[in-house]
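J.: Quick one: structure below, then a few questions.
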């Protein structure tokens, strides 16, 4: 019944609009305004541009200022400070250009709207002007690029020797975290070894993998470099830690990496934001299928001492699941059993 | 010699017209070889696809803006894609996003824009009877049509259309186990794109050949309207880049169906380890973006060309810096091929490449900036008439600025780390590529409608359509910058799973409402378009008082465009408001010798030359006439 009423209402509304449209067409024909080069609407359109300019500018500034704390995520990494500074410098430069060009673009239509008594200026070119507005943007862009290039080179430079290594493996639809253990060296992996109990496909015939362990949360120390070694085992994923200003694709068959230094512990950030629930997160930003929006992993940043203590408390894969090493060759098995007994 | 050949050419055309073959319905409206009809076919098909693409986006905007809404009422259309509890299926959501992108980029903004106006305008504006090959041109449309039919069918199959994003990155697009859309849906996507690429190449070869070979007498490259320059360069870009997409797609077909490992390596999925090793998903990305980035300019350049023409005409002023405009378009054309990897800063490729591509990318901003300044200077001290075409052109310049400036953020690899694949990118390309090109399309339709159908579109409805769309587009895409800076990732079915993105539900709702209203405003256009086609006011021959050649044709030009000889061209296309001239425009067909009062000093020099040529030509004509009788 409601559907029917709505349909009737829509039909009525459309027929009214239709009649208004026909009437105004006929009126304009009678008045002969359709013969004029520029009708009265010209003035209205010209005015609309100015109104739009004023209205949109107010709206933009109001919302940008009001919402600043919402969209500007707190920064928690060293390079994040740099890239954010670049972001806001670029925002300032482009913002000025944005405003100036738009003021001109919307003010000219008002100022130079059609007037049959006036003739437009015949002004086909001016080489000096052209050269100026080729060179000025070129210089501005060069400055911006050089800033970006320096930052980019630093960020993508090889990780410091003392970095804490964490392997992050993306798969449909979760992240698996692997720590190298006390030797700070990840064991080899082979995708063919993947199974329900060996999510990362760790190769336990490699001695380095015996102390490798996993963790439901990425725990990292504050103020010390951390190297994410990133892998994927099925389709593309992308590790995105928004507060760390960190993003790197996870590619099957091609390990990638991203190193950074966290600057604030989770607890510090909780105090700073006044949000007791605050957590650092990892999300996936490369479309990967049904659960693309559900690949969440938490990062916990702690003080270095706490991190060391936490590391020492962790139990390797093989301790939690000795079956993983049950069919190793004899001498390795012995080594594995020693490791297991050490942790018991 | 040259004049003789031109004269005999037009003679031959005369003969052709003497025994004009009569078109029946099929040869006139369906398998037409007339470039004007083919242009209209592209336009109407493009409009059809724009509606489909727009509706798809409304469905996923409903999900994003109103995640709790009961979508049971969509079940009659979407069937099993609505889950039992009345929600949109997440996999179908991804398919919607994918199809929206594919349809809009290729079918609407490539075929609908370039296909329509390159076909319609190139022969009319350069003074040719038709395209170099009418038959190839017809094939170009029908390949596009077949491509569209296949893509349309893929929307209805049980496993759904391709769902790996419009970029269809493998391994997701290669493995059926990863997402059901990568089964039959992806196969159809690849087949459809193959037809589409063939269509683009057939069209592009034709455009290039026609512009080079079939210009009328006097129409030198330095007298071409900027529209033609834009279409010409667009075709060059397409010709060079589409084959690369084809090879990317072909290798993907091999990986999908024949067990090769171009893009696949070390994959464990669905409980089994696949045998593929040694491939590289990043290789696909390089190949894809080698087309994908030029593609941006394939959709944008024609829109900029149209805007140049419409703004100059309605400012009653020559376009400022005609040469600079051409040079910047040439610059964009060349640079568009060497910036592709800025889409891949965080794809895992060598960071050194990232630095190179950052430099190259920011260079391409310079010609773009020059174009904007030239548009502004064209408006300055003009005598502006706000036809709907003019309004849409000004709107385009605004989007081009807004979206172009955010490109400076994204082209900077250090800043891109955070912004890559967030809504900031979505806002950026929807403004600079989507909306700007769409506005170019609209400007073109409003401006050349009288030439297409011999009738005028209603201007008032055009104004309403413009303001609703212009404001609407900003309301939809401007807020996306905020949620992008906040880090909201693209192609997310829902953001509530994360602390950092568990906000802005109000803003997303606002965007969705704005999107629905903006889409609704397009109904005004649809009505205006189809109604005016049959019932619009009959147009005058040159309604915008424009200088270019197409307005010298009859109201309803037949196949062949000009009933008599093709007019010769004596001047550039932008003689608006020339000092000394009686009218505020001088058509390209008026000889300089006929306008001594307005000639500039260097043009006065040319008058003598021009007189000689005219005399020579008349002698040839007289000789031909006497030899005939």
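Protein chains in written order, with our numbering: chain A, 1 to 344; chain B, 345 to 973. Don't be surprised by glycine CBs; every beta carbon is placed ideally from N, CA and C. None of these values were measured; they are calculated from a predicted model.
Give every residue of the same chain whose Cβ lies closer than 6 Å to the Cβ of residue 783 of chain B, excluding the five residues on either side of it in the sequence, and list them in chain order.
T.: If we look at residue 783 of chain B and ignore the five residues flanking it on each side, its Cβ neighbours are 736, 739 and 740.
J.: Measuring CB to CB, does residue 607 of chain B end up less than 8 Å from residue 641 of chain B?
T.: No. Outside cutoff.
J.: Starting from the C-beta of residue 400 of chain B, find all residues in its chain whose C-beta is less than 6 Å away, skip the five residues before and the five after it, and write them out in chain order.
T.: Closer than 6 Å at Cβ, skipping near neighbours: 440, 443 and 444.
J.: Name, going along the chain, the residues of the region 837-871 of chain B whose beta-carbon falls closer than 8 Å to a beta-carbon of chain A.
T.: Cβ contacts with chain A: 837, 838, 839, 841, 842, 843, 844, 845, 847 and 848.
J.: Spell out whether any CB of chain A is found under 8 Å from the CB atom of residue 641 of chain B.
T.: No, no contact with chain A.
J.: For residue 235 of chain A and chain B, any beta-carbon pair shorter than 8 Å?
T.: Closer than 8 Å: yes.
J.: Return yes when the Cβ of residue 241 of chain A is within less than 8 Å of the Cβ of residue 280 of chain A, no when it is not.
T.: Yes, Cβ-Cβ distance for residue 280 of chain A and residue 241 of chain A is below 8 Å.
J.: Would residue 880 of chain B pass as a contact of residue 796 of chain B if the rule is Cβ separation under 8 Å?
T.: In this structure, residue 796 of chain B does not lie closer than 8 Å to residue 880 of chain B by Cβ.
J.: At a cut of 8 Å, does the region 368-387 of chain B reach the region 463-480 of chain B through at least three beta carbon pairs?
T.: Because the criterion of three Cβ pairs below 8 Å is met, the region 368-387 of chain B and the region 463-480 of chain B touch.
J.: To the nearest angstrom, report how far apart residue 221 of chain A and residue 167 of chain A are at their CA atoms.
T.: Looking at the two C-alpha atoms, the distance is approximately 15 Å.
J.: By the DSSP assignment, the alpha helix (DSSP H) with residue 711 of chain B in it spans what residues?
T.: Taken as a continuous stretch (DSSP letters only), the alpha helix (DSSP H) holding residue 711 of chain B covers 695-723.
J.: Is DSSP giving residue 880 of chain B helix, strand or coil here?
T.: In this structure, residue 880 of chain B counts as coil in the three-state DSSP scheme.
J.: According to the Cβ coordinates, are residue 756 of chain B and residue 90 of chain A closer than 8 Å?
T.: Result yes, Cβ atoms of residue 756 of chain B and residue 90 of chain A sit closer than 8 Å.
J.: If the cut-off is 8 Å on Cβ atoms, which residues from the region 282-315 of chain A count as contacting chain E, listed in chain order?
T.: Considering every chain present, this structure includes no chain E. Its protein chains are A and B.
J.: So which residues of chain A does residue 513 of chain B contact, with C-beta pairs closer than 9 Å?
T.: Chain A residues near residue 513 of chain B: 235, 236, 286 and 287.
J.: Is residue 851 of chain B close to the ligand FMN? I mean its beta-carbon at under 7 Å from any heavy atom of the ligand.
T.: Inclusion of the ligand FMN in the displayed structure is not the case, the ligand content being empty and no account of it being possible.
J.: On the DSSP bridge list, what partners appear for residue 772 of chain B?
T.: The partner list for residue 772 of chain B (beta bridge, DSSP) is empty, contrary to what the question assumes.
J.: Is any beta-carbon of chain A found at less than 8 Å from that of residue 345 of chain B?
T.: Caution applies to residue 345 of chain B, whose pLDDT of 34 falls short of 50 and renders its modelled position unreliable; the value that the coordinates give is listed next. Judged by the 8 Å Cβ criterion, residue 345 of chain B is not in contact with chain A.
J.: Please tell me whether residue 756 of chain B has its Cβ less than 8 Å away from any Cβ of chain A.
T.: Yes, because at least one Cβ of chain A sits closer than 8 Å to the Cβ of residue 756 of chain B.
J.: Under the assumption that residue 713 of chain B contacts residue 133 of chain A (Cβ atoms under 8 Å), give the Cβ distance between them as a whole number of angstroms.
T.: The Cβ separation is near 7 Å, so the contact holds.
J.: Would residue 175 of chain A and residue 282 of chain A be called neighbours here (beta carbons separated by less than 8 Å)?
T.: Taking 8 Å as the Cβ cut-off, residue 175 of chain A and residue 282 of chain A qualify as a contacting pair.
J.: Looking at the structure shown, is residue 888 of chain B part of a helix, part of a strand, or coil, going by DSSP?
T.: Of the three classes helix, strand and coil, the one that applies to residue 888 of chain B here is coil, per DSSP.
J.: Are residue 212 of chain A and residue 236 of chain A closer than 8 Å when you measure CB to CB?
T.: Taking 8 Å as the Cβ cut-off, residue 212 of chain A and residue 236 of chain A do not qualify as a contacting pair.
J.: If the cut-off is 8 Å on Cβ atoms, which residues from the region 201-212 of chain A count as contacting chain B, listed in chain order?
T.: Residues passing the 8 Å Cβ filter: 201.
J.: At the level of alpha carbons, what is the spacing between residue 498 of chain B and residue 540 of chain B?
T.: Approximately 15 Å between the Cα atoms of the pair.
J.: Mark residue 872 of chain B as exposed unless 16 or more other C-beta atoms lie within 10 angstroms of its C-beta, in which case mark it buried.
T.: Answer is buried; the Cβ neighbour count reaches 16.
J.: Can you give the beta carbon distance from residue 259 of chain A to residue 218 of chain A, rounded, assuming they're within the 8 Å contact cut?
T.: The Cβ separation is near 14 Å, so there is no contact.
J.: Output, in sequence order along the chain, the residues in the region 610-642 of chain B whose CB is closer than 8 Å to any CB in chain A.
T.: Here the close residues are 610, 611, 612, 613, 617, 621, 622, 623, 624, 625 and 626.
J.: Candidates A:124, A:339, A:160 and A:101: which alpha carbon is nearest residue 207 of chain A's?
T.: If we check each option's Cα against that of residue 207 of chain A, A:339 comes out closest.
J.: Does residue 62 of chain A pass the burial test, meaning 16 or more other C-beta atoms within 10 Å, or should it be called exposed?
T.: By the 10 Å Cβ count, residue 62 of chain A comes out exposed.
J.: Taking only beta carbons into account, state which residues of the region 87-112 of chain A come closer than 7 Å to chain B, listed in chain order.
T.: Within the region 87-112 of chain A, the qualifying residues are 87, 90, 94, 97, 98, 101, 102, 104, 105, 108, 109 and 112.
J.: I'd like to know if residue 932 of chain B contacts chain A, where contact means its C-beta is closer than 8 Å to some C-beta of that chain.
T.: No - not a single Cβ of chain A is within 8 Å of the one on residue 932 of chain B.
J.: Taking Cβ-Cβ distances below 9 Å as the criterion, which residues of the region 250-266 of chain A are in contact with chain B?
T.: Against chain B - using a Cβ distance shorter than 9 Å - the residues of the region 250-266 of chain A are 250, 251, 252, 253, 254, 255, 256, 257 and 258.
J.: Would you mind working out which of B:887, B:685, B:649 and B:598 sits nearest residue 670 of chain B, comparing C-alpha positions?
T.: Measuring from the Cα of residue 670 of chain B, the nearest candidate turns out to be B:649.
J.: Can you tell me which residues form a DSSP beta bridge with residue 152 of chain A?
T.: Paired residues: none, contrary to the question.
J.: From the DSSP output, which residues share a beta bridge with residue 952 of chain B?
T.: None, per the DSSP bridge assignment.
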